[in-house]
Structures are given as C-alpha cells and as structure tokens.
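Take a look at the structure below.
Numbering (this note's numbering), first residue to last: 44 to 131.
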C-alpha cells in the first residue's frame, strides 16, 4: 500500500507540488481534504491526456469545481475570505 501511495504522490508532483512529504494514506487524505494545488489538476490532465470535462466526469465533479481556485491562490483562501465577510 505504501508503494501505491508513493507512486500516486510522485505522479502528482511529489514534495514540489504539495510543499510537504506525503508518506501515508492519512497524509494523502489530509491533502485531498485541503484541496490539491491547481498544478495537480493541470498535470493530471496532461499526463492522462484528458480534457477538463473528461477529468471532471471521471472524478464525479462539475468542470467548474476544477476551475474555481484563482491563479496562485493557496487552498483554504476562499474560506478565509468568506469568514471575514461573515464577521460583519
């Protein structure tokens, strides 16, 4: 199982992409919950030769869900912005 997780993480860009080392299934689950960087979506599409629509269908998501993050925006930034508005 560890080898399979390592292979998946490396295919998605490894430490460079995630900014940390993902060694266990739990580490990968946390990364999934936090949201992958946009580069992971782009690299997955490129390496699998998929369109955005095909990838969205494969993941049972809307194409818009894969495009929502603003360029250069880190995961969680949208929630922090929403929380700021909620305080007023």
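For every residue, glycine included, the Cβ atom is placed at its ideal position computed from N, Cα and C. Predicted, not measured: the structure shown is a model, and the values here were computed from it.
> Are the CB atoms of residue 64 and residue 58 nearer to each other than 8 Å?
Replying inline: yes
>> To the nearest angstrom, how far is the alpha carbon of residue 106 from that of residue 97?
In response: 9 Å
> Considering only C-alpha positions, which residue in the set 100, 109, 102 is nearest to residue 80?
Replying inline: 109
> Since residue 59 is in the alpha helix (DSSP H), which residue starts that stretch and which ends it?
Replying inline: 57-61
> Can you tell which of 85, 87, 61 has its C-alpha closest to the C-alpha of residue 76?
Replying inline: 61
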